[in-house]
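For the sequence shown, this note's numbering begins at 16 and goes up steadily by one. All C-beta atoms, glycine included, are put in the ideal place defined by N, C-alpha and C. Treat the numbers as computed from the prediction; the structure is a model and nothing was measured.
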Amino acid sequence: MTFGGNTNVGTSFEINGKKAVIKAQTKGVRGLAVNFLYTTLDRAKYYGNFPDFYYSAITIKVKQGYLPEKVARNINQYIFGVRAWQANQLEQMTVEIVLGNTGIGVVFMLMVVFAVISGLFIIAISMYSTVIDRIKDYGTLKAIGATNSYIARLILTQAVLYALIGYILATVFLELFKIMVADAGILLVFHLHFRIALLLVTLLMAVLSSLLAVRRVVSVEPAMVFRG
């Protein structure tokens with residue numbers, strides 16, 4: 016069950032008119048804006064006014080030699096009114112329910128979209144400003160025979176290097192943030208597919224943002240180098 020009051024050891028409170036006392040605190044287990052209370056099954060039924068035959072969920076440890084997926088399938092097939100999930104299925108379903116029913120998913124997606132749009136503009140302006148500051152150097156390269164494709168590759172390579180540096184810094188900050196919130200009991204997991212997606216999005220943003228700078232350099236005339 017969840018609890019939103021004082022969680023210090025020794026704190027007394029009531030659950031359905033019945034006195035309860037906090038005897039210990041856990042580490043590394045926190046709820047989302049609430050605290051979890053742990054007790055025995057009998058006490059949980061007592062405080063929740065549940066009958067002895069009522070269970071909302073049961074954790075099953077499969078004996079060695081049995082396949083968890085087969086046990087779950089047999090439970091779903093032969094026991095009426097009961098649904099069994101494996102740990103990874105329950106985890107995925109919980110994430111989908113939280114994201115779909117609490118509004119967290121919409122808020123998160125809006126933040127991602129805003130971050131991507133902001134990043135595109137910031138990188139584009141930075142790359143364009145860098146090109147403008149060195150526009151004569153690019154003109155000199157074209158004057159001595161450099162092709163537009165060669166200069167475009169230079170700019171795109173620079174953008175990719177910026178993206179890789181930014182990705183490394185972002186990964187470092189994410190790991191530091193993960194360590195900081197872990198001390199508060201919130202455990203974050205950044206899966207491999209998330210890291211790959213972050214890298215691909217970073218590279219895509221850098222390449223797309225550099226196209227404006229590439230277009231500006233392509234339009235430069237080599238003759239401008241010899242003008243006053």
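With distances taken between CA atoms, Glu106 lies nearest to Val204 out of Ala228, Val204 and Val233. The beta carbon of Ala39 sits closer than 7 Å to the beta carbons of Val24 from its chain, once the five residues preceding and following it are set aside; these are given in chain order. In the pairwise beta carbon analysis, the region 221 to 235 is classified as touching the region 126 to 144: at least three pairs are separated by under 8 Å. Within the DSSP secondary-structure output, Glu29 pairs in a beta bridge with Lys34. With the rule of 3 Cβ pairs closer than 8 Å, the region 174 to 183 counts as touching the region 209 to 221. Here the alpha carbon of Thr186 sits roughly 21 Å from the alpha carbon of Leu125.
If only uninterrupted alpha helix (DSSP H) runs of at least 4 residues are considered, those enclosed by the region 85 to 117 are 102 to 116. Cβ-Cβ distances below 8 Å link Lys33 to Tyr61 and Tyr62 in the same chain, with the five nearest sequence neighbours on each side left out; the list follows chain order.
For Thr217, the enclosing alpha helix (DSSP H) has its first and last residue at Leu207 to Val233. In the three-state DSSP reduction, Arg149 falls in the coil class, being neither helix nor strand. When C-alpha distances from Gln104 are compared across Ile119, Ala87, Gly118 and Gly120, the shortest belongs to Ala87. Counting only residues of its own chain and dropping the five nearest sequence neighbours on each side, Val229 has a CB closer than 6 Å to the CB of Ala167 and Ile170.
Residues of the same chain with a CB within less than 7 Å of the CB of Gly134, apart from the 5 flanking positions on each side, are Met220 in chain order. In terms of Cα proximity to Thr54, the closest of Phe28, Gly154, Ser71 and Ala35 is Ala35.
Annotated as proximal: Ala99 and Ile90, with beta-carbon spacing under 9 Å. Non-local beta-carbon contacts of Tyr69 in its own chain, meaning distances under 8 Å to residues more than five positions away in sequence, involve Lys60 in chain order.
The continuous alpha helix (DSSP H) containing Asp57 extends over residues Leu56 to Gly63. Gly154 sits close to Val235, with the two beta carbons spaced by under 9 Å. Residue state for Ser141 is assigned as helix, using DSSP reduced to three classes.
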